[in-house]
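Colleague:
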Amino acid sequence: MEMPVGESSVDTNDELNKFEVSPNMDYSIVDYVPYSSWDETLKETTGLRYKDVIVMKFDSVEGAKSLYHGYSRAVGFGVRLSNKIYDSEGRITNRVWVCEKEVFRDKKYMCNRNSKCRLGLQTRVGCKASFFVGIDRDTNNYSVRAFEENHCHKLVTFHEVAWVQSHRNIDTKDLSQLNATGKCCIRPRLTYEYMVNQKWGYSKIGFTQKDMYNHIDAKRQDEAFESSSHAALKFL
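In the UniProt record's numbering, the protein residues as written are 1 to 236.
This is the structure:
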């Protein structure tokens with residue numbers, strides 16, 4: 001997928017000064033739907049280009065997060081959180097999101113022959129794609145300081161993006177259904193297959209079977225911890 005080249009950087013203030021935004025552009029606040037409403041977010045982000053994004057402003061960091069996650073899902077890549085800077089009042093002044101394939105794996109993990117752990121596949125390819133927002137202290141809104149849209153790796157298709165880690169999430173409705181079927185002694189595997197049939201495909205369910213089992217294990221551990229605590233308090 002070819003996109004116009006736009007210079008961006010999040011490392012130094014000197015490079016940030018390369019961005020020149022025309023005063024004639026529209027600086028109105030952009031309102032975006034919640035992070036969980038993927039369909040509407042995709043409608044807002046499909047077709048966005050550098051010139052559209054660099055002039056955007058947001059009421060909060062969550063608004064910027066919603067925009068970039070929706071954009072990454074529409075384009076076909078995963079997102080990771082990067083730098084976050086606070087001021088003396090505890091407000092976030094700068095926030096950076098990067099492509100999940102940013103930088104390279106540390107050499108100490110690549111060259112350690114004494115490690116007993118099996119070395120996984122190399123997934124970092126030094127991608128420069130990023131999204132940087134900063135606070136405007138006059139209006140308390142967040143504006144886009146830098147946006148790099150070009151990737152040095154192959155992007156996934158719309159049907160494959162559902163398996164990207166940053167886009168996998170078990171929503172509250174699915175959790176309620178999973179808990180309800182668990183109380184009825186229905187196996188999680190069967191519950192997962194039922195959810196797949198409900199949503200017409202694995203690519204539309206939003207999480208993997210492994211994600212579901214991880215949630216179940218975490219819940220069991222929390223319940224076991226609470227039971228042990230209650231038992232200790234009763235003993236005292």
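We treat Cβ as the ideally placed atom computed from N, Cα and C, and that holds for glycine.
Can you look up residue 200 in the DSSP assignment and give me helix, strand or coil?
Modeller: DSSP places residue 200 in coil when its eight states are reduced to three.
Colleague: Please report how far the alpha carbon of residue 219 lies from the alpha carbon of residue 189, in whole angstroms.
Modeller: If you take the alpha carbons of residue 219 and residue 189, they lie about 17 Å apart.
Colleague: How long is the line joining the alpha carbons of residue 95 and residue 157, rounded to whole angstroms?
Modeller: Approximately 27 Å between the Cα atoms of the pair.
Colleague: Cβ atoms of residue 101 and residue 153: under 8 Å apart, would you say?
Modeller: Yes, these two residues count as a Cβ contact at 8 Å.
Colleague: Between the Cα of residue 50 and those of 92, 155, 145, spot the shortest distance and give me the residue it belongs to.
Modeller: Answer by Cα proximity: 145.
Colleague: Considering only their Cβ atoms, is the gap separating residue 75 from residue 97 smaller than 8 Å?
Modeller: No. Outside cutoff.
Colleague: Let me check understanding here. Comparing Cα to Cα, which of 216, 142, 143, 133 lies closest to residue 174?
Modeller: Among 216, 142, 143, 133, the Cα nearest to that of residue 174 belongs to 216.
Colleague: Candidates 136, 214, 132, 114: which alpha carbon is nearest residue 149's?
Modeller: Closest option to residue 149, Cα to Cα, is 132.
Colleague: On the criterion of 16 or more Cβ atoms from any shown chain inside 10 Å, does residue 130 qualify as buried, or is it exposed?
Modeller: That one is buried.
Colleague: Check the Cβ-Cβ distances between residue 65 and every residue of chain C, and say whether any is below 8 Å.
Modeller: Among the chains in the structure shown there is no chain C, since it carries only a single protein chain.
Colleague: Quick check on the burial criterion: 16 or more other C-beta atoms within 10 angstroms. Buried or exposed for residue 167?
Modeller: Residue 167 is buried by the Cβ-count criterion.
Colleague: Can you have a look at residue 28 and say buried or exposed, based on whether 16 or more other CB atoms are within 10 angstroms of its CB?
Modeller: Because the pLDDT at residue 28 is just 33, under 50, the model does not fix this residue reliably, and the point stays unresolved.
Colleague: Beta strand (DSSP E) containing residue 95: first to last residue?
Modeller: Start and end: 92-99.
Colleague: Helix, strand or coil for residue 193 per DSSP?
Modeller: It is helical.
Colleague: Compare the C-alpha of residue 61 against each of 212, 141, 147, 210 and name the closest.
Modeller: It is 141.
Colleague: If you compare alpha carbons, which of 222, 84, 176, 161 is closest to residue 202?
Modeller: It is 161.
Colleague: Leaving out five residues before and five after residue 164 in sequence, what residues of the same chain have Cβ atoms less than 6 Å from its Cβ?
Modeller: Cβ neighbours of residue 164 beyond the five flanking positions: 78.
Colleague: Taking the continuous beta strand (DSSP E) assigned at residue 148, which residues delimit it?
Modeller: Looking at the DSSP string, the run of the beta strand (DSSP E) that includes residue 148 is 141-148.
Colleague: How big is the Cα-Cα spacing for residue 204 and residue 124?
Modeller: Each residue's alpha carbon lies about 26 Å from the other.
Colleague: Could you name the residues of the same chain whose beta carbon sits closer than 7 Å to that of residue 143, not counting the 5 residues immediately before and after it, in chain order?
Modeller: Within the same chain, residue 143 has close Cβ partners 57, 133, 134, 136.
Colleague: In angstroms with no decimal places, state the Cα-to-Cα distance between residue 99 and residue 180.
Modeller: C-alpha separation (whole angstroms): 37 Å.
Colleague: Excluding the 5 residues preceding and the 5 following residue 221 in the sequence, name in chain order all residues of the same chain whose CB lies nearer than 6 Å to its CB.
Modeller: Closer than 6 Å at Cβ, skipping near neighbours: no residue.
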